[in-house]
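S.K.: Just remember that the working numbering sits 31 ahead of the position in the sequence shown, which is counted from 1.
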Amino acid sequence: MRRAILLFVKYPEPGRVKTRLAATVGAEVAARIYRRLVAAVIESLPDEEELVVAFDPPEKRAEIVAWLGAAPAGRRAVFLPQAEGDLGARLEQAFAETFALGFENVAVIGSDCIELTPATFAATWQALGSHDAVLGPSTDGGYYLLALRQPCAALFRDIAWSTDSVRAETLARAHAAGLRVQELAALPDIDTEADWRRAEGKVES
Numbered sequence: 032m033r034r035a036i037l038l039f040v041k042y043p044e045p046g047r048v049k050t051r052l053a054a055t056v057g058a059e060v061a062a063r064i065y066r067r068l069v070a071a072v073i074e075s076l077p078d079e080e081e082l083v084v085a086f087d088p089p090e091k092r093a094e095i096v097a098w099l100g101a102a103p104a105g106r107r108a109v110f111l112p113q114a115e116g117d118l119g120a121r122l123e124q125a126f127a128e129t130f131a132l133g134f135e136n137v138a139v140i141g142s143d144c145i146e147l148t149p150a151t152f153a154a155t156w157q158a159l160g161s162h163d164a165v166l167g168p169s170t171d172g173g174y175y176l177l178a179l180r181q182p183c184a185a186l187f188r189d190i191a192w193s194t195d196s197v198r199a200e201t202l203a204r205a206h207a208a209g210l211r212v213q214e215l216a217a218l219p220d221i222d223t224e225a226d227w228r229r230a231e232g233k234v235e236s
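1) Between the stretch 111-127 and the stretch 160-176, are three or more C-beta pairs nearer than 8 Å?
2) Determine the direct distance from the alpha carbon of H206 to that of A58, and round the result to whole angstroms.
3) Straight-line CA distance for L186 to R34?
4) Just tell me which of E44, P88 and L38 has its CA closest to the CA of E74.
5) Let me check understanding here. Comparing Cα to Cα, which of G172, L147 and Y42 lies closest to L202?
6) Can you name the start and end residues of the alpha helix (DSSP H) that V197 belongs to?
7) Look at the alpha carbon of L132 and the alpha carbon of A62, and state the distance between them as a whole number of angstroms.
8) Mind checking which residues open and close the beta strand (DSSP E) that includes E81?
9) In chain order, what residues of the same chain lie with their CB nearer than 8 Å to the CB of R211, ignoring the 5 residues before and after it?
10) How many whole angstroms separate the CB atoms of L215 and L176, which I take to be in contact at a CB cut-off of 8 Å?
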């Protein structure tokens, strides 16, 4: 069975990434922290899993491939530009395109949660054997992981993104669509300076 980890990233341009963090530490520092977070997340992934990178903006493909194409340790990655629109539109298209590549299980993650481990993905794939979706809730009301066995556009439409109701709204959409959902343990995101200070010691310079 072909499985993919779908990683959402932005080009680390100061002022365009980690804006809540940048509000207190400055845009340049926040962009450097973002690079460290992305590297930490990639290093945490199981070696045997295929990686699909959904990147933004599309015109930064060359720079993003140069940044992530050889990390870590020669891991091969497929690069897909994100769609236009809100986060839901971007997620919907990225899932559809990744499944179209022939993958049968797809788990999307971002770079805000550095508590991911290979065991997280082992539990995800195991749960997908008997469920239609797996959701990893973040402690701020969103989610750090969503895994599916097939595309489901309803999970990404009319969601109040970047609010503390994202998890609840997504679960409601999933249940309305008749999906069987397994939730993983809740994990923290890194959005603010306080979040970063708590996690900094776990992230390589």
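Backbone N, C-alpha and C define an ideal beta-carbon position, used for all residues, glycine too.
M.R.: Answer, in terms of the structure:
1) The stretch 111-127, when compared against the stretch 160-176, does not touch it at the 8 Å Cβ threshold.
2) Here the C-alpha atom of A58 lies approximately 40 Å from the C-alpha atom of H206.
3) Whole-angstrom Cα-Cα distance: 20 Å.
4) L38
5) G172
6) V197 to A207
7) 31 Å
8) E81 to D87
9) S161, H162, D163 and A164
10) 7 Å
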